[in-house]
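Asks: Take this structure, written in structure tokens, and hold onto it; I'll ask about it next.
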Amino acid sequence: MVPLNHYLILSAILFAIGTAGVFVRRNLITILLSVEIMLNAVNLTFVAFGRALGSADGQIIVFFVMTVAAAEAAVGLAIVIALFRHRESLNPESFVSLKW
Amino acid sequence: MLLLIPALPFLGFLVNASFGRRVSKAAAGAVACGAMIGSFAVALLSVMRLLQLEPESRAIVNQVYTWIASGDFRADFTLRLDPLSAVMIFVVTGIGSLIHIYSTAYMHEETAPEYARYFSYLNLFAAFMLVLVLGANFLVMFVGWEGVGLCSYLLIGFWFQKKSASDAGKKAFIVNRIGDFGFVLGVLLAFVRFGTIDFQELARAVAPMGPETDFGTISLITLLLFVGATGKSAQIPLYVWLPDAMEGPTPVSALIHAATMVTAGVYMIGRNAVLFGHAPQTLLVVAVIGTATALMAGTIGLVQNDIKRVLAYSTVSQLGYMFLAMGVGAYAAGIFHLYTHAFFKALLFLGSGAVIHALAGEQDLRRMGGLKSALPITYWTFLIGSIAIAGVPGFAGFFSKDEILFRTFAGGHVILWTVGILTSLLTAIYMFRLVFLTFYGPRAPEPVKPAHPGDEEPAAHRAAASRPSHPSDRTPPTGPPVTHTDAAHLHDAPPAMALVLIVLALGSILAGYVSLGGRFEHFLEPSFAPQRVEAVADHGVELTLMVVSSIVAVAGIAIAAYFFLKNRAAADRVAERFAGAHRVLEHKYYVDEIYDAAVVEPIRITSENALWKVVDVRVIDGAVNGVADTVGNASEVLRRMQTGSVRAYAASLFLGVVLILGYYLWP
């Protein structure tokens with residue numbers, strides 16, 4: 042049986058990869074994908090803890106997170122399309138006009 | 196019922212102030228006069244009821260409501276009628292009614308709204324004055340005290356389009372403020388020391404104590420109260436506002452600045468006779484200040500050339516007499532002089548008003564003369580007033596002035612008595628100088644420049660000018676006035692004015708006789724109890740002094756007759772001989788200039804250079820602007836953090852989360 046720590050370490054690695062993706066990638070769609078990776082890293086933690094503690098709560102929360110993630114992906118992609126139509130670009134650095 | 200006495204004029208004020216500009220002049224005048232006469236009637240009824248009571252318990256108290264009750268402090272809005280306030284309400288409502296009637300004629304050339312404004316102020320003044328004299332404690336008195344000050348300001352500046360008038364109003368108000376500050380301090384100290392501000396309770400608390408031989412609390416209280424009195428009653432050092440107050444309409448000068456308001460200080464001392472009686476040192480100060488003021492104002496009055504200013508200085512001088520009486524403990528004599536003075540000084544002012552009215556606003560004595568035949572009623576009544584104030588036996592002024600001088604002498608104040616007699620001589624001289632210059636001799640419209648151009652009263656000016664009065668013509672006359680030699684302008688007082696002059700002339704003759712046999716003094720005695728006036732029964736001395744003061748009065752008239760009737764050149768020669776002294780007197784001892792240099796200018800300079808340019812601009816504005824600048828500069832730096840880049844925000848979010856979690860999770 043795989044110990045809990047392995048799940049947690051894998052989850053931390055996934056989360057770090059997602060975070061790094063959000064900060065370093067220059068494409069909005071890739072950034073959205075990175076956010077999905079972060080969410081799934083968290084999901085993995087929930088499921089791992091649920092199993093370790095012998096309760097179904099973790100899995101239930103994961104369903105909620107997946108629902109929200111689906112909605113988020115839909116809205117996020119819609120915004121990306123709108124932004125692309127506006128600037129013909131997917132680089133987040135070209136959308137910095139909301140400032141002083 | 197007592198409440199009605201001040202309430203009626205107040206009602207008149209409300210009506211005239213609210214509806215005055217919409218009703219005719221006749222209606223406004225009728226409301227004001229009706230309110231005053233009604234108040235007079237109620238006052239008479241109240242005094243009659245008072246007389247039916249036993250002499251020892253003569254007082255009617257009307258507690259209207261509890262005004263302030265806080266801890267130990269309690270002040271009721273209570274009116275109290277006792278013999279002293281009875282004399283005062285008689286003077287205020289009686290003379291007040293007459294002057295209201297006089298004003299209906301005098302102010303007739305004003306436009307309807309102005310006319311109503313004038314009468315509403317006049318009624319408001321009467322209401323406050325009656326509150327002042329009827330109030331049973333210091334707080335109620337103070338309401339009236341401040342109220343009459345306000346009305347005085349409003350009425351002095353009635354013709355506020357004229358700069359000199361509005362300046363004079365402000366001067367009166369500010370000088371009075373200085374005195375009122377002392378007054379308030381005195382009241383507060385009295386409360387701290389005795390725990391009450393009710394006149395009766397205060398007197399009861401003080402009575403068992405012995406007179407304060409060293410300078411203690413009572414001396415301080417009374418001295419502070421006296422500072423208030425010097426402001427209101429125009430004594431040294433705060434008398435400077437009264438001569439300038441002559442910028443107001445003449446009936447106002449008669450009512451407020453001669454007969455009633457300026458006597459408030461004298462009344463206040465009489466009201467607190469017991470308190471003052473326990474502070475001999477204050478009394479001495481009061482007597483000395485009173486005498487000094489009487490002499491100083493009398494000498495200034497000798498050389499002034501404005502008919503109203505002479506009368507103003509005469510008022511200051513007579514008020515000095517009243518304070519002298521208060522200071523030597525002759526309270527009844529002082530109040531008696533207040534009462535007779537109200538008659539003849541109101542008469543003199545109203546007479547001078549009739550002269551000014553007849554001469555189209557001319558106030559300069561040097562351009563009067565020979566008016567005796569043209570203005571017979573004015574002449575005779577004015578003459579009676581002058582005789583009364585000079586102190587010729589048989590007229591009102593003689594009785595009261597003689598009483599004061601006798602009391603002073605009997606009290607052992609020989610120096611004060613000498614100065615008093617000297618002032619009495621001066622009084623006779625300057626009053627008859629006024630009479631002779633105005634009514635006798637040739638009518639000399641010398642082309643002299645008046646000392647104060649534009650001093651003419653707009654009302655009188657418009658009255659006599661033959662042009663039809665334009666309601667829109669509000670420009671007060673400025674520049675050198677035209678010399679009016681046209682005989683058609685000369686008209687004696689109109690009926691309303693003549694009637695009032697005659698009534699007051701009768702009063703000036705007869706008012707003194709109520710004191711025969713010491714009745715007046717006896718009537719007032721309960722108000723000054725337990726400070727009983729010791730019976731000085733040396734009739735020999737009294738008779739001698741009476742003869743002396745009569746001779747002095749007649750001598751004064753004779754001197755005036757010699758210099759200003761027979762031989763005017765001699766008067767000019769004397770003036771030239773003592774040119775220095777003459778100039779000093781003409782400039783009123785340069786007191787205004789000294790005050791200007793010693794008080795007004797330093798305050799102005801400090802305000803401008805220190806308070807305005809340093810404290811206000813640097814400190815206060817600096818603090819306000821400094822806060823704004825600091826916030827602005829900080830924002831200038833901080834706004835750089837808002838880059839607009841979503842990833843930067845996400846990074847800061849992430850960093851924050853890491854920091855917070857790290858803080859909590861770090862072992």
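So the sequences go chain by chain: A and B. In this text, residue positions in the first sequence follow this note's numbering: the first is 42, and each later residue adds one. In this text, residue positions in the second sequence follow this note's numbering: the first is 196, and each later residue adds one. In this text, a Cβ means the ideal position worked out from N, Cα and C, and glycines have one as well.
How would you list, in chain order, the residues of chain E whose beta-carbon sits under 9 Å from the beta-carbon of T71 of chain A?
Replies: Going by chain labels, chain E is absent from the structure shown, which instead holds the protein chains A and B.
Asks: Is there a Cβ of chain A sitting closer than 8 Å to that of S840 of chain B, yes or no?
Replies: Locating residue 840 of chain B in the second sequence gives position 645, counting from the first residue. Chain A contact via Cβ: present.
Asks: Could you pull out every residue in the same chain whose Cβ sits closer than 8 Å to the Cβ of F593 of chain B, ignoring the five residues on either side in sequence?
Replies: Locating residue 593 of chain B in the second sequence gives position 398, where the first residue counts as 1. Hits under 8 Å: A583, G586, V587, G707, S744, S745 and A748.
Asks: Hey, how far is the Cα of K783 of chain B from the Cα of I495 of chain B?
Replies: In the second sequence, counting from the first residue as 1, residue 783 of chain B sits at position 588. In the second sequence, counting from the first residue as 1, residue 495 of chain B sits at position 300. K783 of chain B and I495 of chain B: Cα-Cα distance of roughly 6 Å.
Asks: DSSP on H665 of chain B, reduced to helix/strand/coil?
Replies: The count along the second sequence starts at 1 and reaches residue 665 of chain B at position 470. Here H665 of chain B scores only 39 on pLDDT, less than 50, and its place in the model should not be relied on; the value that follows carries that caveat. Coil.
Asks: Spatial neighbours of I232 of chain B within its chain, please: C-beta separation below 6 Å, excluding the five flanking residues on both sides.
Replies: Numbered from 1 along the second sequence, position 37 holds the residue referred to as residue 232 of chain B. Closer than 6 Å at the Cβ level, and outside the excluded window around I232 of chain B, lie S292.
Asks: Can you pull out the residues from the segment 815-843 of chain B whose beta carbon lies closer than 7 Å to at least one beta carbon of chain A?
Replies: For the segment 815-843 of chain B, the set of residues with a beta-carbon nearer than 7 Å to any beta-carbon of chain A comprises R834, Q837, T838, G839, S840, V841 and R842, in chain order.
Asks: Do you know how far the Cα of L560 of chain B is from the Cα of V480 of chain B?
Replies: Translated into positions along the second sequence, residue 480 of chain B becomes position 285. Translated into positions along the second sequence, residue 560 of chain B becomes position 365. Using only the alpha carbons, I get a separation of about 36 Å.
Asks: How is W262 of chain B classed by DSSP in three states: helix, strand or coil?
Replies: Stepping through the second sequence from its first residue, residue 262 of chain B is reached at position 67. DSSP places W262 of chain B in strand when its eight states are reduced to three.
Asks: Measuring only the C-alpha atoms, how far is G330 of chain B from I296 of chain B?
Replies: The sequence position of residue 330 of chain B within the second sequence is 135, counting from 1. The sequence position of residue 296 of chain B within the second sequence is 101, counting from 1. Straight-line Cα distance between these residues: approximately 27 Å.
Asks: On the CB-based measure, 16 or more other CB atoms within 10 Å of its CB, does R466 of chain B come out buried or exposed?
Replies: Taking the first residue of the second sequence as 1, we reach residue 466 of chain B at position 271. Flag for R466 of chain B reads buried.
Asks: From L700 of chain B to F386 of chain B, what distance separates their C-alpha atoms?
Replies: As a position in the second sequence, residue 700 of chain B is number 505, starting the count at 1. As a position in the second sequence, residue 386 of chain B is number 191, starting the count at 1. It is Ala, not Leu, that sits at residue 700 of chain B in the sequence shown. Roughly 44 Å separates the two Cα atoms.
Asks: Around the C-beta of V736 of chain B, are 16 or more other C-beta atoms found within 10 angstroms, so that it is buried, or is it exposed?
Replies: Taking the first residue of the second sequence as 1, we reach residue 736 of chain B at position 541. V736 of chain B is exposed by the Cβ-count criterion.
Asks: Just the Cα atoms here: how many angstroms apart are L506 of chain B and D811 of chain B?
Replies: What you label residue 506 of chain B is simply residue 311 of the second sequence in a count that begins at 1. What you label residue 811 of chain B is simply residue 616 of the second sequence in a count that begins at 1. Looking at the two C-alpha atoms, the distance is approximately 44 Å.
Asks: What residues in the segment 117-139 of chain A have a beta carbon less than 8 Å from any beta carbon of chain B?
Replies: P133, E134, F136, V137, S138 and L139
Asks: Taking a contact to mean a Cβ-Cβ separation below 8 Å, would you say A440 of chain B touches I351 of chain B in this structure?
Replies: Taking the first residue of the second sequence as position 1, residue 440 of chain B is located at position 245. Taking the first residue of the second sequence as position 1, residue 351 of chain B is located at position 156. Yes.
Asks: Buried or exposed, going by whether 16 or more other CB atoms sit within 10 Å of the CB of L203 of chain B?
Replies: The residue given as residue 203 of chain B occupies position 8 in the second sequence. With 16 or more Cβ atoms within 10 Å of its Cβ, L203 of chain B is classed as buried.
Asks: Could you work out which residue in B:M517, B:A843 and B:L696 is closest to L139 of chain A when comparing CA atoms only?
Replies: Translated into the one-based positions of the first sequence, residue 139 of chain A becomes position 98. Ranking B:M517, B:A843 and B:L696 by Cα distance to L139 of chain A puts B:A843 first.
Asks: So that I know if they touch, is there some Cβ in chain B lying closer than 8 Å to that of T108 of chain A?
Replies: By 1-based counting over the first sequence, the position of residue 108 of chain A is 67. It does not; no Cβ of chain B falls within 8 Å.
Asks: So, helix, strand or coil for L274 of chain B, using DSSP?
Replies: To locate residue 274 of chain B, count along the second sequence from 1; it is residue 79. The answer is strand: DSSP assigns L274 of chain B an E or B state.
Asks: For the candidate residues B:S428, B:M456 and B:K503, whose alpha-carbon lies nearest to that of T445 of chain B?
Replies: Position 250 of the second sequence, counted from the start, is the residue given in the question as residue 445 of chain B. For T445 of chain B, the nearest C-alpha among the options comes from B:K503.
Asks: How many Å lie between G405 of chain B and Y526 of chain B at the Cα?
Replies: Here the question's residue 405 of chain B lines up with position 210 in the second sequence. Here the question's residue 526 of chain B lines up with position 331 in the second sequence. One C-alpha to the other measures close to 19 Å.
Asks: Can you give me the C-alpha to C-alpha distance between F627 of chain B and Y462 of chain B, rounded to a whole angstrom?
Replies: Reading the second sequence from its first residue, position 432 is the one you call residue 627 of chain B. Reading the second sequence from its first residue, position 267 is the one you call residue 462 of chain B. Rounded to the nearest angstrom, the two C-alpha atoms are 29 Å apart.
Asks: Can you tell which of B:E442, B:A756, B:L276 and B:G342 has its C-alpha closest to the C-alpha of I358 of chain B?
Replies: Here residue 358 of chain B refers to the residue found at position 163 when the second sequence is read from its first residue. Note that residue 358 of chain B is Lys in the sequence shown here, rather than Ile. Considering only alpha carbons, the answer is B:E442.
Asks: Does any CB atom of chain B fall closer than 8 Å to the CB of T60 of chain A?
Replies: In the first sequence, the residue the question calls residue 60 of chain A occupies position 19. Closer than 8 Å to some Cβ of chain B, the Cβ of T60 of chain A qualifies, so yes.
Asks: Taking CB distances under 8 Å as the criterion, tell me whether V63 of chain A reaches chain B.
Replies: Taking the first sequence and counting its residues from 1, one reaches residue 63 of chain A at position 22. Judged by the 8 Å Cβ criterion, V63 of chain A is in contact with chain B.
Asks: Taking a contact to mean a Cβ-Cβ separation below 8 Å, would you say S135 of chain A touches R128 of chain A in this structure?
Replies: Locating residue 135 of chain A in the first sequence gives position 94, where the first residue counts as 1. Locating residue 128 of chain A in the first sequence gives position 87, where the first residue counts as 1. Contact: yes.
Asks: Which same chain residues end up closer than 7 Å to I70 of chain A when comparing Cβ atoms and leaving out the 5 residues on each side of it in sequence?
Replies: On the first sequence, residue 70 of chain A is found 29 positions in, with the first residue counted as 1. The answer, listed in chain order, is V121 and L131.
Asks: If you reduce the DSSP assignment to three classes, tell me which class F539 of chain B lands in.
Replies: In the second sequence, residue 539 of chain B corresponds to position 344, counting from 1. Helix, per DSSP.
Asks: Which same chain residues, not among the five before or five after A281 of chain B, have their C-beta less than 7 Å away from its C-beta?
Replies: Here residue 281 of chain B refers to the residue found at position 86 when the second sequence is read from its first residue. Hits under 7 Å: V242 and L245.
Asks: Could you say which of B:L433, B:Y534 and B:V630 lies nearest to F577 of chain B if we only look at CA atoms?
Replies: Numbered from its first residue, the second sequence carries residue 577 of chain B at position 382. In this structure, B:V630 is the residue among B:L433, B:Y534 and B:V630 with its C-alpha nearest to the C-alpha of F577 of chain B.
Asks: Which same chain residues, not among the five before or five after D362 of chain B, have their C-beta less than 7 Å away from its C-beta?
Replies: Translated into the one-based positions of the second sequence, residue 362 of chain B becomes position 167. If we look at D362 of chain B and ignore the five residues flanking it on each side, it has no Cβ neighbours.
Asks: A537 of chain B and T455 of chain B: beta carbons closer than 8 Å?
Replies: Against the second sequence, residue 537 of chain B aligns to sequence position 342. Against the second sequence, residue 455 of chain B aligns to sequence position 260. In contact: A537 of chain B and T455 of chain B (Cβ atoms closer than 8 Å).
Asks: Do the segment 248-259 of chain B and the segment 687-696 of chain B make contact, defined as three or more Cβ pairs closer than 8 Å?
Replies: no
Asks: Go to A496 of chain B, then tell me how far its alpha helix (DSSP H) extends in each direction, as first and last residue.
Replies: As a working mapping, residue 496 of chain B is identified with position 301 in the second sequence. Looking at the sequence itself, residue 496 of chain B is Gly, so the reference to Ala does not match. It spans P475 to V498 - the alpha helix (DSSP H) in which G496 of chain B sits, taken as one unbroken run.
Asks: Evaluate the contact criterion for the segment 318-333 of chain B versus the segment 391-409 of chain B: three or more CB pairs, one atom per stretch, below 8 Å.
Replies: yes
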